[in-house]
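Here the numbering used here is used: the first residue of the sequence shown is 12, the next is one more, and so on. A virtual CB, placed ideally from N, CA and C, is assigned to each residue, including glycine. The model shown is predicted, which means the values in this text are computed figures rather than measured ones. Take a look at the structure below.
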Amino acid sequence: KKLISHIRSEETPEAKARWFQSLPLEERMELLCMFTDMILSANPDILESKDVKPVAGRICVLSAKGNVRDA
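Okay, structure coming up:
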């Protein structure tokens, strides 16, 4: 089994989730901080956004029972 793939079609959300879950907690937190810093540097006004409403159909909610519904 290959550990690293450079084939774009193999970069499924499930494969990315498995990779992320394989990281130690410290590395996950480093990535979270890095992404947060990147977002804030690109759009510092994002902190001022209040009462933001979610966009329907943009989030897929999974339940513990395995049912899928769009939010």
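Alpha helix (DSSP H) containing Thr47: first to last residue? Counting from one through the sequence shown, the residue named residue 47 turns up at place 36. That run of the alpha helix (DSSP H) goes Leu36 to Ala53.
Could you check where the alpha helix (DSSP H) with Ser20 kicks off and where it finishes? Along the sequence shown, read from residue 1 onward, the residue named residue 20 stands at position 9. No alpha helix (DSSP H) holds Ser20; DSSP gives it neither H nor E.
Taking the continuous alpha helix (DSSP H) assigned at Glu59, which residues delimit it? Here residue 59 refers to the residue found at position 48 of the sequence shown. Looking at the DSSP string, Glu59 is not in any alpha helix (DSSP H), and its letter there is neither H nor E.
Run through DSSP, which three-state label would Lys27 get? Here the question's residue 27 lines up with position 16 in the sequence shown. Here Lys27 carries a helix assignment [DSSP, helix/strand/coil].
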